[in-house]
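Report on the structure given below.
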Ligand SMILES: [Zn+2]
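Here is the structure:
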């Protein structure tokens, strides 16, 4: 009897040993930040079946996990970090449009931006729009100014152009006005179609109480075909992989209808072609119909059901938001004074929150100002008394001017806060409108001190760029894109803290904080070899960081320079005139 037990123990031991010696991938000779504690680095990481199975020094890991089939990747002393996770990005919507957009993200001069516009116009076929949709502002340009409508008309006289600037303004060239047949009678609620002294549209659209003129116009521009959208989504995901992103949480968005506009990502997920783990939220689009939509969805949509064929937690619904009802849309146009939410807000929002809590549906709510958050919290607390939240995952998005007492209330209700670097793009405008802030906006330092879950992200792409390293730069400096010191220096985050918010911090927002965000045994093998050492380079150089090699679920999804031969094959960009084909996405140089 004893002998049999001993034998089976031996067999089990041998099986375990051989199971260990077959890592699919080993990265060795690296400067690997485990992100478990500040300053902890190892040399090697072994990956099997999409999971980290070992970390340690190169010699030990190679001896223990290498066999003849193991793919060995020499990190050559480079820094390796866990894959980044953007906890608030509009990735599904941007996937539908990316290939149709000329992006000025990272462009250093207005001169170059205008050249790109002109070049793109020359190759754009008749009837197709040239559009620049967010991701830029004048402070990134050496000239420190926006283009004028006259310059845009001069650069592109014969094809329609549409350029959006933050949430506040858009430029429509003469040809665009003509194509859309905009006249003095073109009116949008809450927005202004600017007229010249003869009563003709100048081409400038301004958001006042709402950005309706801007986004309704955008919806009238060129839309990609189904096939192009599949390609566009793949290209956009690949571009995000280029900056080390391996997970994204989609905050839904205006014009992003469920389930129709999620269909492209779903199709790719089912084919195993999505190269980021994607969690998404649902956002009712039609004013005064919101309750009906959520009621339908809580009964028909299964949360946390993975639709990605090859990727654990690869594509799944998380809950409701970031907007729950139109009357609670807390518009963040820092070109205009703050707008008081409607008196109907409570009556609209309360039944929806009750419905969600009752059905254990996590939710997120877009909120910019403390004044709005105060009223939202009153509703949450009231419902919590009837139906305890009891650990239900819920969060505020943005929360730039949340107050100390509101933070206490969020903490008490078990909420989290997803923060983004919107002030990197809008700090100068905020100062003009509201004066210089005397504390950190949003108050991340305080959130962390109180133990509130915080995730970092971009809110890309209509205001901010999607490049996560800009957001990390902002978090560790408190500076805007124009170099203005927006936060008191004492509040800036350490590099470790900032990266932690972009990894394990964001993972909380899809309930995956035990599975990803660190390089540790038992975590997802989502890893990035960086071109520069994030932890030691001069702070300004953080903005030049990108990935040399990105691994998702143990599989290489992006590779360049010395690792180029390992890069997966990508389909050619379509349509043939796509700006992405000529410029890519973010302009690094
Ligand atoms: Zn938002």
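Residue numbers (this note's numbering): 71 to 659. Where is the CB? At the ideal position from N, CA and C, for every residue including glycine. Only a predicted model underlies this, so the values are computations on that prediction, with no experimental measurement involved.
| query | result |
| --- | --- |
| Beta-carbon proximity check, residue 594 vs residue 585, cutoff 8 Å | yes |
| Touch test, the region 337-349 against the region 291-306, Cβ-Cβ under 8 Å, three pairs minimum | yes |
| Simplified DSSP state of residue 576, which is helix, strand or coil | helix |
| Residue 474 Cβ short of 7 Å to ligand 1 heavy atom set | no |
| Strand pairing of residue 126, partner residues [DSSP] | 114 |
| Any non-hydrogen atom of ligand 1 within 7 Å of residue 392 CB | yes |
| Cβ-based neighbour list, residue 442, same chain, cut-off 6 Å, excluding 5 preceding and 5 following | 400 and 411 |
| Assigned secondary structure, residue 436 (DSSP; H/G/I helix, E/B strand, else coil) | strand |
| Where residue 544 sits in the DSSP three-state scheme | helix |
| Other residues of its chain near residue 379: CB distance less than 8 Å, five sequence neighbours each side excluded | 339, 340, 341 and 342 |
| 6 Å Cβ shell around residue 225 - same chain, five flanking residues per side excluded | 184, 187 and 188 |
| In chain order, each alpha helix (DSSP H) run of at least 4 residues that lies wholly inside the region 238-304 | 244-250 and 282-289 |
| Residue 521 vs residue 576 beta-carbon contact at 8 Å | no |
| Distance cut-off 7 Å: residue 114 Cβ against heavy atoms of ligand 1 | no |
| Contact test: residue 321 Cβ vs ligand 1 heavy atom, cutoff 7 Å | yes |
| Same chain, Cβ closer than 7 Å to residue 260, five either side skipped, listed in chain order | 278, 279, 280 and 282 |
| Minimum C-alpha distance to residue 122 - residue among 135, 651 and 537 | 135 |
| Among 354, 417, 414 and 524, nearest to residue 394 - alpha-carbon criterion | 354 |
| Every unbroken beta strand (DSSP E) inside the region 386-466 [3 residues or more] | 433-437 |
| Close beta carbons around residue 641, own chain, < 7 Å, minus the five adjacent residues each side | 301 and 304 |
| Segment limits, beta strand (DSSP E) that includes residue 376 | That residue, residue 376, is in no beta strand (DSSP E); it is neither H nor E in DSSP. |
| Own chain, CB closer than 6 Å to residue 408, minus 5 neighbours either side, in chain order | 439 |
| Inter-residue Cα distance where the pair is residue 71 and residue 126 | Legend: pLDDT at residue 71 = 43, less than 50; position of this residue unreliable, value from coordinates given subsequently. About 39 Å. |
| Residue from 109, 133 and 459 whose Cα sits closest to the Cα of residue 150 | 109 |
| Cβ pair residue 445, residue 470 closer than 8 Å | no |
| Any beta strand (DSSP E) of 3 or more consecutive residues that is wholly inside the region 592-630 | 597-600, 617-622 and 625-629 |
| Residue 167 versus residue 290: straight-line alpha-carbon distance, rounded | 13 Å |
| Beta-carbon spacing of residue 525, residue 106 below 8 Å | no |
| Rounded Cβ spacing between residue 459 and residue 435 (contact assumed at less than 8 Å) | At roughly 13 Å, the Cβ-Cβ gap does not stay under 8 Å, so residue 459 and residue 435 are not in contact. |
| Per-residue DSSP class, three states only, for residue 522 | coil |
| Where residue 478 sits in the DSSP three-state scheme | helix |
| Per-residue DSSP class, three states only, for residue 151 | strand |
| The region 368-376 touching the region 198-207, judged by at least three CB pairs closer than 8 Å | no |
| Three-state class that DSSP yields for residue 586 in the structure shown | coil |
| Any non-hydrogen atom of ligand 1 within 7 Å of residue 330 CB | no |
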